[in-house]
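**Q** So the protein lines, in turn, are chains A and B.
Start counting at 1 in the first sequence, then tack on 2, and there's your number in the numbering used here.
Start counting at 1 in the second sequence, then tack on 597, and there's your number in the numbering used here.
Glycine included, every Cβ here is placed at the ideal spot set by N, Cα and C.
Predicted model, so just to flag it, every value in this text is computed and none were measured.
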Amino acid sequence: MTTAETDAARADAEAGATAPRSAAGNPIGFGRMLRKEDARFLRGRGRYLDDIQLPGMLHGAILRSPFAHARIAAIDTSAAEAHPKVTAVITGATLESLGLAWMPTLSDDVQAVLATDKVRFQGQEVAFVVAEDRYAARDALELIEVDYEPLEPVVDARRALDPDAPVIRSDVEGKADNHVFDWESGDPARCDEVFAAADVVVRQDMTYPRSHPAPLETCGSVAHMDPVTGKLTAWITSQAPHAHRTVYALVAGLPEHKIQVISPDIGGGFGNKVPIYPGYVLAVVGSIVTGAPVKWVEDRSENLMSTGFARDYHMRGEIAATRDGRILGLRVDVVADHGAFNASANPSKYPAGFFNIFTGSYDLQAAHCKVTGVYTNKAPGGVAYACSFRITEAVYLVERMVDLLADELGTDPAELRMRNLLRPEQFPYRTQTGWEYDSGDYPRALRLALDMAGYDELRAEQAERRARGELMGIGLSFFTEGVGAGPRKHMDILGLGMADGCELRVHPTGKAVVRLSVQTQGQGHETTFAQIVASQLGIPPEDIEVVHGDTDQTPFGLGTYGSRSTPVSGAAAAVVARRVRDKARLVAAAALECSPDDLEWEHGRWHVRGDPSQGRTIQEIALLAHSSLELPEGVEGHLDASAVYNPPNLTYPFGAYVCVVDVDPGTGRVAVRRFVAVDDCGPRINPMIVEGQIHGGLADGVGMALMQAIAFDEDGNCLGGSFMDYLLPTAMECPPWELGETVTPSPHHPIGAKGIGESATVGSPAAVVNAVIDALEPFGVRHADMPLTPAQVWLAMQGRPARTDIAVW
Amino acid sequence: MQTPAPFEYERAGSVDDALALLERHGPEARLIAGGHSLLPMMKLRLARPEVLIDINDLDDLAYIRLDGDAIAIGAMTRHAELLDSPLLAEHHLVFREAERVIADPVVRNRGTIGGSLCQADPSEDLSAVVAALGAELVVRSRTGARTVPARAFHTGPYETVVGDAEILTEVRVPVRPGAGSAYEKVERRAGDWAIAAAGTFVTLDGDTVADVGIGLTAVGAPHFCAPEAEDALRGGPATEDRLAEAARIAAEHTDPSGDQRGPAEYKRHLARELTLRALRRSVARARGEGV
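Here you go:
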């Protein structure tokens, strides 16, 4: 993209405030407008998975393992089968006979749909009951007798590779340990040189504990295998309906054109609804076995205990620098807990996701990371909760390390960051681990955040308070995200390239329908994508219907996760709209009896250059395109178009965050007083929606930093199986967010947009933790693992912070 | 959706009706008031009553009124009413301060004082409050009523003296002229159960502590109270040193268990810290200082 085009994208953004308004008052393009979908959501008229009722529909429930690791000696289902309302009871043995007991995961492994040989985590699927109603299905679970022979579980990821550790994956022939993969990135030899020559090396172990995205709506499916047509219709709480359909076809051998996957309104995803879960498969099997539609919806505990978790990274970071504060290199060694099956949902060539973007926002001479994946007796998953394929972990690591270095050097952490941030002229910038950052002005964003926070005044206040024995902390985080996966030559999921299709149809009266492959889970696609098309075509957003979530109605694409909707499908929507605009130009030229080259586009209208009175609006052109107007040779008529967008690179949003906390010295309780977030996601299509996304991500960060973790006791019992145990932050824990923005468009994206869905979740935990550790400076605290609960803070003040991944009391 | 095990449902129209239903259905019947503890436990199938007897129609048990030298609180009084009560706030601010940090508005609109005390959760805030204030609890059966001191009401975690065919109908809180009281709680997040909490009242005679009550919850304090600490403080001057000593003694007699809210040593530390904070504010209030 040329400089002129970049400037054009910037102008697009700035024009948001002045975009022409439709009769309904909406911006015809970028700008604030209320979300089109909210009319139904606010009235309780959304149509979610559990709202679906089909004639004759049956209900499924899953019997789950109470043990983390146990051999299944016998299963007796006779009493459950005798229950008057039970239609079918399916066990691993049933599935084995169908060849469906195991399913492939997205990470080159297999996962048990129903356990056959043994159970490998508490909450694992053991049997499936189909009954006339949900209560009966649940009641009948208690009638199934399973004879378990408990085995020693592997709970502590750091000991999973001990020679005497029990082998979890005895199903894999020849498997004698709990090793999943080793993965390296960067240059270890160069790193050694840089570290050897450095004045200062700081090292720290830190755990990013296991958390869970916990969307308000849990996962579920309604499967209907029509015995007459042989067509499978599956309503699924899926963030990626097309990918699910293809995987169903590959796994079950069903013909893909006979599978329709529908994602209805989705009550939050956050990566929890990307994988294919045993429950989805069981609903299909249940429908095949009974000949009736089968609904399965997991309850809250099932969601927290068995579906895709997030993080669980045990990291050792090392940072090297000169005495005067020039960061030279970064090294990291990770033990990644993948649970009992490697079902991590990341592009196939990246077993640790994009963790190797851990060099962050700094100009380094060398970097190296090594990640070892291990099996434990815990639920599978790993990539979820707005992590941008594990950039969350990477940002947390580097931003903690920079603070530790600042502490070691006696340098202000803001000053240290400012000194080492990439400079605008270094873009596009190639990192030591091979990523090419597209654009950025990092110092500008950090300066803005510090100014908004009143950083110097805060430090002065902190000094005064410390003199009085009060604990106030100021924490910073600067992050670079990498989203919009991804270039198909580098990235695929199960061999499927990550390009997105888009179709646009303009009706004769100038109303339009845009069909997307991505699926919204609440982030406002029906508005944002209408605005993207509006910005390119001049059709008001209220006149543009956004169709998504139904594989029979939409073009192929890989779905919504990793903040990829706007970077990939948003680009596709812009490209397809431009194609329509180009077609419209030919039609307008025919109508105006001039050359297309003589036409100029302005505010939804092609007009003759130099004579704006001679023109046709897009609505007029749409009618003409369908009319008896004689069209030039080669112009087919109508305005419909389609496109497939294959991103040339990821987009790299970034931001600078400042958090201020107060810690009660007597109780260890943390209160987040202020949070300043400056985000740069390129042009903001709908600033209100962008701000909402940021608010959500900041709340996530407060939650992860202060209260969210799923720990396990020594028997492998999950200690986060309900909202009484796994705490989500409330408004009471969140300060009024103070948002700022800079706009640095992506040079390779058609409208310069970079994606915002995960930035705040990625960037904020480190700022909160840095603030708390800063507050505890008088106690000599260097580090304490999240979540910084009152107990953990108090223990840190005593000089002995605890592990938070396993129960230690 | 979490689905409870099968149960029968009855709706009582009066206390006598409820007592008759309890007698008819026996020990596997449970009263349900606000249901905010019982229903989640039923949905998790940790509680499996055969019969639920709904007492939400017993409006005559919803009151807060001055009755002689006590404030009488009907067992069906909702948390939100306790929070808003000017009468309670006038006499015992500890109630308002505790209610403000009990669960969230949705739960407070529905949950009742009777349900909270009878559920007997070892982390229940109101158990500490009524223990601190030396309240008395009125328990009715078909044959009559008996009065039980708050400090003899709980017989263990989730256990009380209320028999299978009895109902807690009223909580009687002594009016203590000149008393200052306060509640201090630390939780992991708004709405969570306490990691530890302390509620106290103090009356002064000049600068001498005439009477004191200390209630503690979530820390394994027997009967939610700290009589040894009260004895140590009562009858002497209300100095910071003596308050601290009382707090130390109170913590010494707790027996907290470690869990995901924190290790036992931290909870014991909180018992001491929060008792001290509550005592300080109680004394200040008894002195008429606005805190």
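Let me check you understand the geometry: is the CB of residue 33 of chain A closer than 7 Å to at least one non-hydrogen atom of the ligand COA?
**A** The ligand COA is absent from the structure shown, which contains no ligands of any kind.
**Q** Does the stretch 192-201 of chain A come close enough to the stretch 320-339 of chain A that 3 or more CB-CB pairs lie under 8 Å?
**A** The answer is yes - the stretch 192-201 of chain A touches the stretch 320-339 of chain A, with three or more Cβ pairs under 8 Å.
**Q** Under a three-way DSSP split, which group does residue 168 of chain A fall into?
**A** In the structure shown, residue 168 of chain A sits in coil (DSSP, three-state: anything other than H, G, I, E or B).
**Q** Does residue 796 of chain A get closer than 8 Å to chain D when you measure Cβ to Cβ?
**A** The question asks about chain D, but that chain is absent: this structure's protein chains are A and B.
**Q** Give the straight-line distance between the Cα atoms of residue 318 of chain A and residue 365 of chain A, rounded to the nearest whole angstrom.
**A** If you take the alpha carbons of residue 318 of chain A and residue 365 of chain A, they lie about 21 Å apart.
**Q** Which value, in whole angstroms, describes the spacing of the CA atoms of residue 2 of chain A and residue 282 of chain A?
**A** With chain A covering 3 to 811 only, the question about residue 2 of chain A has no answer from this structure.
**Q** Could you tell me whether any Cβ in chain B is nearer than 8 Å to the Cβ of residue 7 of chain A?
**A** Per-residue confidence for residue 7 of chain A stands at a pLDDT of 45, beneath the threshold of 50, marking its modelled position as unreliable; the derived number appears in the next sentence. With 8 Å as the cut-off, residue 7 of chain A does not count as an interface residue toward chain B.
**Q** Mapping DSSP to helix, strand and coil, what is residue 109 of chain A?
**A** Correct three-state label for residue 109 of chain A: coil.
**Q** Which residues, taken in chain order from the stretch 665-682 of chain A, show a beta carbon closer than 9 Å to some beta carbon of chain B?
**A** Against chain B - using a Cβ distance shorter than 9 Å - the residues of the stretch 665-682 of chain A are 666, 668, 669, 670, 671.
**Q** If residue 817 of chain A sits next to residue 117 of chain A, beta carbons under 8 Å apart, how far is it from one beta carbon to the other, in whole angstroms?
**A** The shown model of chain A, from 3 to 811, leaves out residue 817 of chain A, and the question about it has no answer.
**Q** Between the Cα of residue 778 of chain A and the Cα atoms of A/523, A/792, A/242, which residue gives the shortest distance?
**A** Here the closest residue by C-alpha is A/792.
**Q** If we count the other Cβ atoms within 10 Å of its Cβ and call it buried at 16 or more, is residue 461 of chain A buried or exposed?
**A** Classification for residue 461 of chain A: exposed.
**Q** Using only alpha-carbon positions, find the residue among A/684, A/682, A/662, A/715 that is nearest to residue 704 of chain A.
**A** When only C-alpha atoms are compared, the closest one is A/662.
**Q** Return the Cβ separation of residue 107 of chain A and residue 345 of chain A in integer angstroms, given the expectation that the two are a contact with Cβ distance under 8 Å.
**A** That belief holds up - the Cβ atoms of residue 107 of chain A and residue 345 of chain A are roughly 4 Å apart, short of 8 Å.
**Q** Sort A/72, A/682, A/66 by Cα distance to residue 482 of chain A and report the nearest one.
**A** For residue 482 of chain A, the nearest C-alpha among the options comes from A/682.
**Q** What is the rounded straight-line gap between the Cα of residue 231 of chain A and the Cα of residue 259 of chain A?
**A** In a straight line, the C-alpha of residue 231 of chain A is about 12 Å away from that of residue 259 of chain A.
**Q** Under 9 Å Cβ-Cβ, which residues of chain B neighbour residue 307 of chain A?
**A** Result: empty, since nearest Cβ-Cβ is about 12 Å, beyond 9 Å.
**Q** Check each candidate in A/101, A/58, A/113 and name the one with the smallest Cα separation from residue 225 of chain A.
**A** Nearest of A/101, A/58, A/113 to residue 225 of chain A, Cα basis: A/58.
**Q** When the Cα atoms are used, what is the spatial distance from residue 158 of chain A to residue 376 of chain A?
**A** Rounded to the nearest angstrom, the two C-alpha atoms are 10 Å apart.
**Q** When DSSP builds the beta bridges, which residues end up paired with residue 262 of chain A?
**A** Note: residue 262 of chain A sits in a beta bridge opposite A/235.
**Q** Can the beta-carbon of residue 786 of chain A be found less than 8 Å from the beta-carbon of residue 696 of chain A?
**A** Not a contact, by the Cβ cut-off of 8 Å.
**Q** DSSP on residue 311 of chain A, reduced to helix/strand/coil?
**A** Residue state, collapsed to three classes: strand.
**Q** Mind checking the stretch 660-675 of chain B against chain A and listing, in chain order, the residues whose C-beta falls within less than 9 Å of any C-beta there?
**A** Per Cβ criterion, the list is empty.
**Q** Closer than 8 Å by beta-carbon distance: list the chain B residues that pair up with residue 59 of chain A, in chain order.
**A** Those within 8 Å of residue 59 of chain A in chain B number zero; the least Cβ separation is about 15 Å.
**Q** Under 9 Å Cβ-Cβ, which residues of chain B neighbour residue 713 of chain A?
**A** Neighbours of residue 713 of chain A on chain B, chain order: 857.
**Q** Taking only beta carbons into account, state which residues of the stretch 694-707 of chain B come closer than 7 Å to chain A, listed in chain order.
**A** Under the 7 Å Cβ criterion, the stretch 694-707 of chain B contributes no residue.
**Q** What three-state label does DSSP hand residue 200 of chain A in the structure shown?
**A** The answer is coil: DSSP assigns residue 200 of chain A none of H, G, I, E or B.
**Q** Residue 866 of chain B CB to nearest chain A CB: under 8 Å?
**A** Yes, its Cβ sits closer than 8 Å to a Cβ of chain A.
**Q** Taking the continuous beta strand (DSSP E) assigned at residue 778 of chain B, which residues delimit it?
**A** Taken as a continuous stretch (DSSP letters only), the beta strand (DSSP E) holding residue 778 of chain B covers 777-784.
**Q** With residue 444 of chain A as the anchor, note down where its alpha helix (DSSP H) starts and where it stops.
**A** 444-455 is the extent of the alpha helix (DSSP H) around residue 444 of chain A.
**Q** So for residue 796 of chain A, helix, strand or coil by DSSP?
**A** In this structure, residue 796 of chain A counts as helix in the three-state DSSP scheme.
**Q** For a cutoff of 8 Å on Cβ pairs, would you count residue 648 of chain B as touching chain A?
**A** It does not; no Cβ of chain A falls within 8 Å.
**Q** Based on the DSSP output, what are the partners of residue 692 of chain A in its beta bridges?
**A** Residue 692 of chain A pairs with nothing; no bridge assigned.
**Q** I want to see whether chain B comes within less than 8 Å of residue 791 of chain A, judged by CB atoms only; does it?
**A** Yes, its Cβ sits closer than 8 Å to a Cβ of chain B.
**Q** How big is the Cα-Cα spacing for residue 128 of chain A and residue 78 of chain A?
**A** Cα to Cα, the separation comes out at about 12 Å.
**Q** Is the separation between the beta-carbon of residue 597 of chain A and that of residue 486 of chain A shorter than 8 Å?
**A** Not a contact, by the Cβ cut-off of 8 Å.
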